[in-house]
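Trainee: Residue numbers (the working numbering): 1 to 579.
I'd like to ask some things about the structure below.
Given below as structure tokens:
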């Protein structure tokens with residue numbers, strides 16, 4: 001049997017193993033967090049006809065008009081395809097996520113094999129990447145498919161770029177480059193963090209293709225500009241859409257852009273190197289001044305960068321240098337760029353692209369350990385290497401399946417976070433969401449109030465605002481309208497543009513027969529979130545009750561713009577003679 005056939009058989013076994021550690025949990029029966037904004041409550045994904053609008057409108061990407069809006073049209077299109085095939089059955093969504101992950105395992109193998117020409121090192125890297133416990137979130141948290149799908153295009157683009165320089169690509173190099181550019185564009189329109197790819201490509205070209213920095217100027221000028229042009233076009237489109245929604249943010253504090261990300265980055269390295277059973281969620285409270293932990297983190301990173309420079313100058317292991325650069329480059333968007341809020345979630349899916357580089361470095365380190373043992377004991381280095389990789393795989397697989405059990409439903413997820421971070425307001429908020437969606441309103445309210453209690457000095461924080469909105473919603477369902485009204489009013493004091501609070505007040509006023517106040521609240525909420533179907537229908541109903549038939553007809557028509565097949569709007573318009 002040839003070495004190539006052995007490698008293919010082993011790769012198939014890796015894919016089977018990756019499938020096996022996930023198969024028993026594909027029926028995890030819950031959507032989580034942003035899944036509700038981007039999938040469950042997003043009416044646009046319920047028709048494949050809306051796919052073109054995903055590329056031209058932020059409104060089509062999410063049911064929420066605010067900080068949770070994003071421009072990821074290919075990801076949204078994949079949700080529409082899932083809905084077309086199986087509605088809201090979580091199984092189909094999980095299968096899509098798993099297939100993307102399996103594809104990425106293959107791509108990691110091919111890229112490492114291309115660079116190193118070593119099948120077993122490529123297989124070891126694919127194993128460490130495919131079975132690392134952080135991947136549990138990428139499979140189970142459906143909305144995070146933006147990470148796995150974008151990485152699929154990211155890796156494909158890089159691989160096609162590398163193939164352009166392979167001896168067998170003569171006559172096909174232009175096709176490889178075109179494919180690489182197309183895959184890069186797809187990666188960007190799947191998740192904006194893919195914008196680091198041109199830097200990774202530059203690192204690859206400079207490390208493996210050129211002996212001196214000044215060589216190949218003509219070739220360089222032909223290679224790089226198309227990637228940056230695609231980046232510029234994407235950013236221009238995204239900028240225009242965000243500006244239209246009024247969502248562009250101002251400059252961030254220097255502390256958040258330098259010192260705090262230093263701590264984030266070190267924590268990310270810790271998670272990649274030494275994962276455990278728990279999920280990762282941290283609250284970082286920004287300070288106006290440099291604190292000791294952030295200063296030490298920055299100093300450690302500067303020392304690491306100095307060591308990397310020394311390694312680059314002296315080491316003959318170009319492959320290791322490249323993948324260390326990979327980790328550093330792909331970490332940029334999840335540290336410096338994304339420090340925009342008063343607390344930061346260190347979520348596993350943000351490390352997914354970094355894991356590619358970290359997995360190779362880990363596989364290379366295990367190989368060095370095996371070689372060291374060979375020199376000391378005379379053992380066969382490949383057998384030792386295989387044993388070390390196997391030990392890592394057993395540990396990773398056990399942790400992976402443990403993580404999958406945490407994602408069983410919203411309550412198990414929240415309980416895990418609270419156990420790990422008992423003083424985190426965000427962790428209690430996630431637990432409250434789990435109880436609320438698990439039809440346990442009493443426990444949900446208790447968890448949300450605990451989240452507020454742990455963050456008393458910042459009522460404008462997103463966790464506090466969202467907790468109050470959820471508490472108010474539960475009180476409405478339980479019939480405690482006056483208590484719900486007080487919660488909604490507190491939200492509006494600190495977040496006047498919160499459409500959910502205005503809609504909630506509109507519903508309460510309408511229930512009390514205070515139609516003028518209800519109309520005012522609905523209209524104010526719709527000014528911030530014009531795509532709310534429920535608000536449009538409720539406002540139209542109030543217009544009908546107050547004899548304002550023309551206004552009601554207008555609202556029903558706007559409702560049909562959101563959901564052309566809405567039975568209530570169609571029926572009411574027909575009765576009004578508007579059809």
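Even glycine gets a Cβ: it sits at the ideal position worked out from N, Cα and C.
Find the nearest neighbour of residue 61 within the set 37, 47 and 175, judged by alpha-carbon distance.
Mentor: Here residue 61 refers to the residue found at position 61 when the chain shown is read from its first residue. Comparing Cα positions, the closest option is 37.
Trainee: Look at the alpha carbon of residue 327 and the alpha carbon of residue 366, and state the distance between them as a whole number of angstroms.
Mentor: On the chain shown, position 327 is the one that residue 327 refers to. On the chain shown, position 366 is the one that residue 366 refers to. Between the alpha carbons of residue 327 and residue 366 lies a distance of about 18 Å.
Trainee: Could you tell me the alpha carbon to alpha carbon distance between residue 515 and residue 528, rounded to whole angstroms?
Mentor: On the chain shown, residue 515 is found 515 positions in, with the first residue counted as 1. On the chain shown, residue 528 is found 528 positions in, with the first residue counted as 1. About 20 Å.
Trainee: Three-state secondary structure (DSSP) at residue 551?
Mentor: In the chain shown, the residue the question calls residue 551 occupies position 551. Three-state result, residue 551: helix.
Trainee: Three or more beta-carbon pairs under 8 Å between the region 463-483 and the region 494-501, yes or no?
Mentor: yes
Trainee: Counting only runs of 4+ residues fully inside the region 88-131, write out the alpha helix (DSSP H) ranges in chain order.
Mentor: 90-116 and 119-130
Trainee: Check whether the region 80-95 and the region 104-114 touch, using three or more Cβ-Cβ pairs below 8 Å as the test.
Mentor: no
Trainee: When the Cα atoms are used, what is the spatial distance from residue 475 to residue 429?
Mentor: Within the chain shown, numbered from 1, the residue matching residue 475 stands at position 475. Within the chain shown, numbered from 1, the residue matching residue 429 stands at position 429. Each residue's alpha carbon lies about 17 Å from the other.
Trainee: Measuring alpha carbon to alpha carbon, tell me which residue in 144, 268 and 124 is nearest residue 33.
Mentor: Numbered from 1 along the chain shown, position 33 holds the residue referred to as residue 33. Taking only the C-alpha atoms, the option nearest residue 33 is 144.
Trainee: Where does residue 506 land, buried or exposed, given buried means 16+ other C-beta within 10 angstroms?
Mentor: In the chain shown, residue 506 corresponds to position 506, counting from 1. It is buried - the Cβ of residue 506 has at least 16 other Cβ atoms within 10 Å.
Trainee: Report the three-state DSSP secondary structure of residue 198 (helix, strand or coil).
Mentor: Against the chain shown, residue 198 aligns to sequence position 198. Three-state DSSP puts residue 198 in a helix.
Trainee: Measure from the C-beta of residue 505 to each C-beta in chain C and report whether the shortest distance is under 8 Å.
Mentor: No chain C is part of this structure, which consists of one protein chain only.
Trainee: Quick check on residue 546: does DSSP put it in helix, strand or coil?
Mentor: Along the chain shown, one-based indexing puts residue 546 at 546. Residue state, collapsed to three classes: coil.
Trainee: What residue from 512, 451 and 153 has the CA that sits closest to residue 480's CA?
Mentor: In the chain shown, the residue the question calls residue 480 occupies position 480. For the residues 512, 451 and 153, the minimum Cα distance to residue 480 belongs to 512.
Trainee: Among residues of its own chain, excluding the 5 on either side of residue 533, which ones have a beta-carbon nearer than 8 Å to its beta-carbon?
Mentor: As a first step, residue 533 is located in the chain shown; it is residue number 533 there, counting from the start. Cβ neighbours of residue 533 beyond the five flanking positions: 43, 559, 562, 563 and 566.
Trainee: Among 203, 227 and 316, whose alpha-carbon lies nearest the alpha-carbon of residue 179?
Mentor: Stepping through the chain shown from its first residue, residue 179 is reached at position 179. Among 203, 227 and 316, the Cα nearest to that of residue 179 belongs to 227.
Trainee: So residue 370 packs on residue 385, CB below 8 Å; how close in whole Å?
Mentor: Translated into positions along the chain shown, residue 370 becomes position 370. Translated into positions along the chain shown, residue 385 becomes position 385. With 8 Å as the limit, residue 370 and residue 385 qualify as a contact, their Cβ atoms being about 4 Å apart.
Trainee: If I'm right that residue 79 touches residue 45 with Cβ under 8 Å, what's the distance once you round it to whole angstroms?
Mentor: Start at 1 with the first residue of the chain shown, and residue 79 comes out as number 79. Start at 1 with the first residue of the chain shown, and residue 45 comes out as number 45. Correct: roughly 5 Å between the Cβ atoms.
Trainee: How many Å lie between residue 76 and residue 242 at the Cα?
Mentor: Taking the chain shown and counting its residues from 1, the one referred to as residue 76 is at position 76. Taking the chain shown and counting its residues from 1, the one referred to as residue 242 is at position 242. Residue 76 and residue 242: Cα-Cα distance of roughly 17 Å.
Trainee: The alpha helix (DSSP H) that contains residue 509, what's its start and end?
Mentor: Translated into positions along the chain shown, residue 509 becomes position 509. Run containing residue 509: 499-511, per the alpha helix (DSSP H) assignment.
Trainee: By how many angstroms is the C-alpha of residue 181 removed from the C-alpha of residue 454?
Mentor: As a first step, residue 454 must be located in the chain shown, where it is residue number 454. As a first step, residue 181 must be located in the chain shown, where it is residue number 181. When rounded, the distance between both Cα atoms is 48 Å.
Trainee: Ordered along the chain, which non-local residues of its own chain (more than five positions away) have a Cβ less than 8 Å from that of residue 576?
Mentor: Counted from its first residue, the chain shown places residue 576 at position 576. Excluding residues within five positions, the ones whose Cβ falls inside 8 Å are 549, 552, 553 and 556.
Trainee: With DSSP as the reference, label residue 479 as helix, strand or coil.
Mentor: The sequence position of residue 479 within the chain shown is 479, counting from 1. Three-state result, residue 479: coil.
Trainee: Any contact of the region 121-131 with the region 14-24, i.e. 3+ C-beta pairs under 8 Å?
Mentor: Cβ pair count under 8 Å is three or more, so yes.
Trainee: Per DSSP, what kind of secondary structure is residue 47 in: helix, strand or coil?
Mentor: By one-based count along the chain shown, residue 47 stands at place 47. If DSSP states are grouped into helix, strand and coil, residue 47 belongs with coil.
Trainee: Given a cut-off of 8 Å on the beta-carbon distance, is the pair residue 119 and residue 409 in contact?
Mentor: What you label residue 119 is simply residue 119 of the chain shown in a count that begins at 1. What you label residue 409 is simply residue 409 of the chain shown in a count that begins at 1. For residue 119 and residue 409, no; Cβs fall outside 8 Å.
Trainee: Here's the rule: buried if 16 or more other CB atoms are within 10 angstroms of the residue's CB, otherwise exposed. What is residue 105?
Mentor: Stepping through the chain shown from its first residue, residue 105 is reached at position 105. The residue in question, residue 105, is buried, as its Cβ has 16 or more Cβ neighbours within 10 Å.
Trainee: Who are the near neighbours of residue 423 in its chain, counting only those whose CB is closer than 8 Å to its CB and skipping five residues on each side?
Mentor: If you number the chain shown from 1, residue 423 lands on position 423. Closer than 8 Å at Cβ, skipping near neighbours: 454.
Trainee: So, at 6 Å on beta carbons, what are the nonlocal neighbours of residue 488 in its own chain, with the 5 sequence-adjacent residues on each side left out?
Mentor: The residue you call residue 488 lines up with position 488 of the chain shown. These residues qualify, in order along the chain: 472, 501, 504 and 505.
Trainee: Can you tell which of 523, 198, 403 and 140 has its C-alpha closest to the C-alpha of residue 157?
Mentor: As a first step, residue 157 must be located in the chain shown, where it is residue number 157. Residue 198 holds the alpha-carbon nearest to the alpha-carbon of residue 157 among 523, 198, 403 and 140.
Trainee: Start and end of the alpha helix (DSSP H) containing residue 145?
Mentor: Counting from one through the chain shown, the residue named residue 145 turns up at place 145. That run of the alpha helix (DSSP H) goes 145-163.
Trainee: According to DSSP, is residue 598 part of a helix, a strand, or is it coil?
Mentor: Limits of the chain in this structure are 1 at one end and 579 at the other, which puts residue 598 out of reach.
Trainee: Below 8 Å between beta carbons: does that hold for residue 113 and residue 124?
Mentor: For this step, residue 113 is matched to residue 113 along the chain shown. For this step, residue 124 is matched to residue 124 along the chain shown. Cβ atoms of residue 113 and residue 124: not closer than 8 Å.
Trainee: Are the beta-carbon atoms of residue 400 and residue 136 separated by less than 8 Å?
Mentor: For the purposes of this step, residue 400 is taken as residue 400 along the chain shown, with counting starting at 1. For the purposes of this step, residue 136 is taken as residue 136 along the chain shown, with counting starting at 1. Contact flag set, yes.
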